[in-house]
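S.K.:
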Amino acid sequence: MSLRGQIWVLLLAFLAFGVLMVYSASAPRLLRGGDVWMGLGPYASRQALFAALGIALAAFFERIPYSWYRRAAKPLLLVVLIALSLVWIPGVGVEINSARRWFRIGMFTLQPSEFAKVVWVVYLSAYLCAKRTALEDFRTGILPTCLLLAVLSALLLLEPDFGSCVILAGISFVLWAVGGVPWRHLFLLVPVGLAGLGTLAVTSPYRLERLLAFLDPWTDPLDSGYHLIQSLVAIGSGGLWGVGLGAGQQKLSYLPEPFTDFIVAVVGEELGLLGLAVLSLGVLLFFWKGLEVARRARDPFGAVLAVGLTCLVTFQAWINMGVVLGVLPTKGLAFPFLSYGGSSLTASCTAVGMLLGVARRSP
Amino acid sequence: MTSYEDGKRLRTEARFRRCCGALLVIGILVCVGLVCRAGWLQVVQGDKWREIKIGQVQGSFQVPVYRGTIRDGQGRPLALGVQKGSLYADGKLISDPVGTARVLAPVLGESRRELEGKLSAKKRFVWIKRGLSSDQLRRVTEARLPGIGVQMEWGRYYPYGDLAGQVIGFVGVDGKGLEGIEKIYDGLLRQDPRKVIAFRDGGRRRVWFRDASPPVPEERYGLRLHLDAFLQDTCEAALEEAVRKHGARAGEAVLLDARDFRVLAMAHYPSFNPNAYASAQPDQWRNRVVADVFEPGSVLKVFLMAGVLEAGVYGPEQLIFCEEGKMRLASHTIHDVHPHGWLTVRDVLKVSSNIGAVKLVQALGPRRYYDELVQFGFGRKTGVDLPGESGGLLRPYAQWRPVDFAVASFGQGVGVTTLQLATAVAAVANGGVLGSPRVAASVVNAENRLIKALPPGPATRVLSGKTAQYLKEMMEEVVQPGGTGTRAALSDYTSAGKTGTAQVADRSTGRYAPDKVTSVFVGFAPATHPRLAMAVVVHEPKGEGYGGVVAAPVFRHVMEKALPYLGVPPDKEPDDGSNRPRLVRWEEDRDSAGEISAWQAESPPRGEQQVIPDLRGLSLKAAVAVLKSAGLEAAPQGSGRVVHQEPGPGEQARRGAVVAIRLKDL
Numbered sequence: 001m002s003l004r005g006q007i008w009v010l011l012l013a014f015l016a017f018g019v020l021m022v023y024s025a026s027a028p029r030l031l032r033g034g035d036v037w038m039g040l041g042p043y044a045s046r047q048a049l050f051a052a053l054g055i056a057l058a059a060f061f062e063r064i065p066y067s068w069y070r071r072a073a074k075p076l077l078l079v080v081l082i083a084l085s086l087v088w089i090p091g092v093g094v095e096i097n098s099a100r101r102w103f104r105i106g107m108f109t110l111q112p113s114e115f116a117k118v119v120w121v122v123y124l125s126a127y128l129c130a131k132r133t134a135l136e137d138f139r140t141g142i143l144p145t146c147l148l149l150a151v152l153s154a155l156l157l158l159e160p161d162f163g164s165c166v167i168l169a170g171i172s173f174v175l176w177a178v179g180g181v182p183w184r185h186l187f188l189l190v191p192v193g194l195a196g197l198g199t200l201a202v203t204s205p206y207r208l209e210r211l212l213a214f215l216d217p218w219t220d221p222l223d224s225g226y227h228l229i230q231s232l233v234a235i236g237s238g239g240l241w242g243v244g245l246g247a248g249q250q251k252l253s254y255l256p257e258p259f260t261d262f263i264v265a266v267v268g269e270e271l272g273l274l275g276l277a278v279l280s281l282g283v284l285l286f287f288w289k290g291l292e293v294a295r296r297a298r299d300p301f302g303a304v305l306a307v308g309l310t311c312l313v314t315f316q317a318w319i320n321m322g323v324v325l326g327v328l329p330t331k332g333l334a335f336p337f338l339s340y341g342g343s344s345l346t347a348s349c350t351a352v353g354m355l356l357g358v359a360r361r362s363p
Numbered sequence: 001m002t003s004y005e006d007g008k009r010l011r012t013e014a015r016f017r018r019c020c021g022a023l024l025v026i027g028i029l030v031c032v033g034l035v036c037r038a039g040w041l042q043v044v045q046g047d048k049w050r051e052i053k054i055g056q057v058q059g060s061f062q063v064p065v066y067r068g069t070i071r072d073g074q075g076r077p078l079a080l081g082v083q084k085g086s087l088y089a090d091g092k093l094i095s096d097p098v099g100t101a102r103v104l105a106p107v108l109g110e111s112r113r114e115l116e117g118k119l120s121a122k123k124r125f126v127w128i129k130r131g132l133s134s135d136q137l138r139r140v141t142e143a144r145l146p147g148i149g150v151q152m153e154w155g156r157y158y159p160y161g162d163l164a165g166q167v168i169g170f171v172g173v174d175g176k177g178l179e180g181i182e183k184i185y186d187g188l189l190r191q192d193p194r195k196v197i198a199f200r201d202g203g204r205r206r207v208w209f210r211d212a213s214p215p216v217p218e219e220r221y222g223l224r225l226h227l228d229a230f231l232q233d234t235c236e237a238a239l240e241e242a243v244r245k246h247g248a249r250a251g252e253a254v255l256l257d258a259r260d261f262r263v264l265a266m267a268h269y270p271s272f273n274p275n276a277y278a279s280a281q282p283d284q285w286r287n288r289v290v291a292d293v294f295e296p297g298s299v300l301k302v303f304l305m306a307g308v309l310e311a312g313v314y315g316p317e318q319l320i321f322c323e324e325g326k327m328r329l330a331s332h333t334i335h336d337v338h339p340h341g342w343l344t345v346r347d348v349l350k351v352s353s354n355i356g357a358v359k360l361v362q363a364l365g366p367r368r369y370y371d372e373l374v375q376f377g378f379g380r381k382t383g384v385d386l387p388g389e390s391g392g393l394l395r396p397y398a399q400w401r402p403v404d405f406a407v408a409s410f411g412q413g414v415g416v417t418t419l420q421l422a423t424a425v426a427a428v429a430n431g432g433v434l435g436s437p438r439v440a441a442s443v444v445n446a447e448n449r450l451i452k453a454l455p456p457g458p459a460t461r462v463l464s465g466k467t468a469q470y471l472k473e474m475m476e477e478v479v480q481p482g483g484t485g486t487r488a489a490l491s492d493y494t495s496a497g498k499t500g501t502a503q504v505a506d507r508s509t510g511r512y513a514p515d516k517v518t519s520v521f522v523g524f525a526p527a528t529h530p531r532l533a534m535a536v537v538v539h540e541p542k543g544e545g546y547g548g549v550v551a552a553p554v555f556r557h558v559m560e561k562a563l564p565y566l567g568v569p570p571d572k573e574p575d576d577g578s579n580r581p582r583l584v585r586w587e588e589d590r591d592s593a594g595e596i597s598a599w600q601a602e603s604p605p606r607g608e609q610q611v612i613p614d615l616r617g618l619s620l621k622a623a624v625a626v627l628k629s630a631g632l633e634a635a636p637q638g639s640g641r642v643v644h645q646e647p648g649p650g651e652q653a654r655r656g657a658v659v660a661i662r663l664k665d666l
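Chains B and L, in that order, are what the protein sequence lines are. Heads up: the first sequence is residues 1 to 363, going by full-length UniProt numbering. Heads up: the second sequence is residues 1 to 666, going by full-length UniProt numbering.
1. Are the C-beta atoms of ILE105 of chain B and some chain L residue less than 8 Å apart?
2. Mind checking SER172 of chain B: buried by the 16 CB within 10 Å criterion, or exposed?
3. Let me check one thing: in DSSP terms, what residues is GLN281 of chain L bridge-paired to?
4. With a threshold of 8 Å on Cβ separation, who are the neighbours of ARG46 of chain B within its own chain once the five nearest residues in sequence on each side are excluded?
5. Run through the DSSP bridge pairs and tell me what SER442 of chain L is partnered with.
6. Going by C-alpha distance, which of B:PHE286, B:THR260, B:ARG104 is nearest VAL19 of chain B?
7. Can you check whether the CB of SER85 of chain B is closer than 8 Å to the CB of GLY246 of chain B?
8. Please list the partners that CYS235 of chain L has in chain B, where partner means a Cβ-to-Cβ separation under 9 Å.
9. By how many angstroms is the C-alpha of LEU615 of chain L removed from the C-alpha of VAL643 of chain L?
10. Please state whether DSSP places GLU292 of chain B in a helix, a strand or coil.
11. Under a Cβ-count criterion, where at least 16 other Cβ atoms within 10 Å of its own Cβ denotes burial, should THR460 of chain L be classed as buried or exposed?
12. Could you tell me the alpha carbon to alpha carbon distance between TRP102 of chain B and TRP68 of chain B, rounded to whole angstroms?
13. Between L:THR141, L:GLN166, L:TRP342, which has its C-alpha nearest ALA267 of chain L's C-alpha?
14. Please check the pair CYS20 of chain L and VAL178 of chain B, which I expect to be a contact at CB under 8 Å, by giving their CB distance rounded to whole angstroms.
15. What's the call for LYS118 of chain L, buried or exposed, on a 16-neighbour Cβ count within 10 Å?
16. If you drop the 5 nearest sequence neighbours on each side, which residues of the same chain put their C-beta closer than 6 Å to that of ALA359 of chain B?
17. Is SER237 of chain B close to chain L? Criterion is C-beta to C-beta, closer than 8 Å.
18. Between the stretch 319-339 of chain L and the stretch 457-475 of chain L, can you find at least three pairs of beta-carbon atoms closer than 8 Å?
19. How would you write the range of the beta strand (DSSP E) that PRO77 of chain L sits in, first residue to last?
20. Spatial neighbours of LEU563 of chain L within its chain, please: CB distance less than 6 Å, with the 5 preceding and 5 following residues excluded, ordered by chain position.
21. Output the boundary residues of the alpha helix (DSSP H) element that contains TRP49 of chain L.
22. Name the two residues that bound the continuous alpha helix (DSSP H) containing ILE167 of chain B.
23. Buried or exposed, going by whether 16 or more other CB atoms sit within 10 Å of the CB of ILE26 of chain L?
24. Buried or exposed: which applies to ASP137 of chain B, given that a residue is buried once 16 or more other Cβ atoms fall within 10 Å of its Cβ?
25. Taking ALA527 of chain L and ALA496 of chain L to be in contact with their CB atoms under 8 Å, please state how far apart those CB atoms are, rounded to whole angstroms.
26. Looking only at its chain, what residues have a beta carbon closer than 6 Å to the beta carbon of SER231 of chain B, apart from the 5 residues adjacent to it on each side?
27. Grouping DSSP H, G and I as helix and E and B as strand, with all else coil, what is ALA134 of chain L?
28. Mind checking who PHE376 of chain L pairs with in its DSSP beta bridge?
29. Where GLY290 of chain B and THR310 of chain B are concerned, what is the direct C-alpha to C-alpha distance, given to the nearest angstrom?
30. In three-state terms, what does DSSP make of LEU343 of chain L?
31. Identify every run of the alpha helix (DSSP H) within the stretch 216-263 of chain B, keeping only runs that are complete inside it and at least 4 residues long; order them along the chain.
32. Can you pull out the residues from the stretch 300-334 of chain B whose beta carbon lies closer than 9 Å to at least one beta carbon of chain L?
33. Less than 8 Å between the C-beta atoms of SER352 of chain L and HIS340 of chain L, yes or no?
34. Who are the Cβ neighbours of ALA280 of chain L in its own chain at under 6 Å, not counting the five residues just before and after it?
35. For ALA143 of chain L, which of L:GLU179, L:THR100, L:ASP162 has the nearest alpha-carbon?
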């Protein structure tokens, strides 16, 4: 099977598994309302709808020549910056759980930060390839992107969306590394970036609490440690083979977000170590295939773009799993393709579609 | 220049490849790390997390077990567990106590000021009213008042209203039986909630699944009584009629199965409705049949006779001089209602001569009379399964002055309960065996299926069968022309009894009140093979208050309905002498009570084929009577009850044929 075919199979498998798990994890919430529903229920059927939309988007972006993105990168970044500001306009922006990350379009809510991440990958790849020769100089090379990243991060942190910020920082670092930014500049940035993240985490008390909670959730099991403990209970009780698909009990209002951020905990409970191992292997396979696309790319832009898009998807998956397994602080990051949510799903599919576009035009 | 560019590009490409390789290595490490972490949690620590999950997900849940149903002997529900809404207030949520009270007052029918007081208290939980009617519940719910809530509670409903109210008793708001059967069988009827393991969700709500559905409230043990709603109603109606007709203060009646001392009816007038016990006076709650003590009057002569005949002091036909109606004893004079000269012992009972009784008791002596009364259960509790029973008032004979034991012979100065009278007369009817009366028959489940039959009370022989037989015949004469109890005679059945008219001691003066009497009748029917025994007591009737006038008709009204209802075959030709065809019913087997088959005994033309009736379980007299009415002859063998017959039931025989029956003492 061709490389593109393999990626398509992975994408479809992830999407199908996602609809299945959303169906399983959302059932208790539907039952609690006492509603009678047929078929998949509102959450899983919407997820299926988003998956269909995602497949269409992936097929669409696969067919667009990726060289066009070079020219579109700057306007797109501008659109994203405007969209991120729009969530603050009353009537347009929507506040959920004291975070303003969404705005409403018809009956759906859109989360611009999900698309911002994709656009940032496109923009940074285009920038790095355009400024190839200028990268040697700190001021003309890495500094402008650093400043832009700072602006973008500031907008995300205001929402607040700390998780997306971390993802952006991580991907930027990888892209700078593969895009040819001198190592000395990068090593200079490491302490700066870490210090910045550290300050942000410490200055905002709730963030600090969440940060520390993962180290020892039992110090405050009913408040800051609650999410993590419930996630660990779900996964730990799953055992080797799991309690069986649909038979999990932690989704009965114990897991805080059973079909969005903590859907992997439901996987761990219902399908056990086996399910989590297969899931991790799937992510690793995607990562490998994505890097393979980058290696075979026709030009440097395609190569860097492919690495960025691959990392965007896999890093989110890894961080989400790290959070759910209690090795990273809780951040509010979705697991691509699995977590319920149209923005995350369509943005991830768009990213995979662009990756397929690179693969399609490689020799 | 080109070589520099090329070289730079080559270096960049090499770096790109190195970076990609590093990324792949990092990716593999991350993947392995995540799987190891998952394995640590799921395999190594798995048991620990599973334990935590069970601890939070599973919880015990109490399934309400509501109070058991009380049913009558035919399974009719006398007391039911029902859900009732109760109204409570949360003072913290009530912003407008005045307005809320204004809305609630007309619905609940309570004073607005009182409600305001309750609603203004800033308590988190105050009962406003418990046990709402369905209409009140609907109106309160529709009003949607903030801070006012409804909690469903299990309450009690008595579908027959005041039928047997004092016997059944009632249950307090906290579900505890407070009177009657409800009180004495409280431990059986009131069961703790059943605990089941149920899943809970994170919000502490219970979660049910298809294979673990929510348990419904259940009933564990119900109670079936011997008491029969029809007989109870008959008794209450007859008693009420008598009390009203004679302007009496109150009345009580007890109907017992004379064979096994089952309480079939226990009537009170005025009655009491346990559905509204709170609005009744506590005085009305009391079961007066077992709790109230009165002087029984001449009915006690029955037990005097028992002592006299048993001791052989006098024979039934021996003569006694009755002093022409007046006899001095110390400073007292004893009167008879009608003066008599010489009377047989038999007639002393029949005409109820006090002077005759005094002479008999003097011959018997205080000790033997006292012993006889104690034998028949006076002065001690009958052991009935009802609360608040009194043992009556029987002073030790050593404390009796001559006049005390003389008047005790006709039932003054001795305190008894209605139930004691009923059991004592039932002992005579039963051939001399005194049992302990029982109201409750068995423990049943919610579907009225038998779980456990309650054991009958202890029985003791208090009289020889021979004396009992004499006594029964003597009592039969009481209701026959010339006796005091003629109004207790029945049209289709033989009956026996004794009247009593007792003076009532005035509590304030300690003397007998001049115008107050207690009318009493005790008796049983059919006299030939007694099935039912009854005691009727009417307190303070106005006008002519004789027991034979006031109380005896109650006996007749009840017996004339009760005996056919129970399927007892008539043992007497109707008074009008016409040999009209009639429906005859009888008991098939005394062990399977309630199994009654009907048999139409038309008088067929002579010489025709005749269907042999089923005689099993009948006494000799009843069997002979049944055969006779079918135009058949009996050839008995043995004594007791019929256990075998030849030809068998349902077979054809010519009119006038002989049916061989074998009897056995069961």
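No residue lacks a Cβ here, since even glycine has one placed at the ideal position from N, Cα and C.
M.R.: Walking through what the data contain:
1. no
2. buried
3. None; GLN281 of chain L has no bridge partner.
4. TYR340, GLY342
5. L:ARG224, L:ALA453
6. B:THR260
7. no
8. By Cβ distance, chain B contributes nothing, its closest Cβ being about 53 Å from CYS235 of chain L, past 9 Å.
9. 8 Å
10. helix
11. exposed
12. 28 Å
13. L:GLN166
14. 7 Å
15. buried
16. LEU3, ARG4, VAL293
17. yes
18. no
19. 77-89
20. TYR493
21. 46-57
22. 162-179
23. exposed
24. exposed
25. 4 Å
26. PHE262, ALA265, VAL324
27. The residue you asked about is not Ala; residue 134 of chain L is Ser in the sequence shown. It is helical.
28. Looking at the DSSP assignment, PHE376 of chain L forms no beta bridge with any residue, so it has no partner.
29. 5 Å
30. strand
31. 226-238
32. PRO300, ALA303, VAL304, VAL307, THR310, CYS311, THR314, TRP318, MET321, GLY322, LEU325, GLY326, VAL327
33. no
34. PHE272
35. L:THR100
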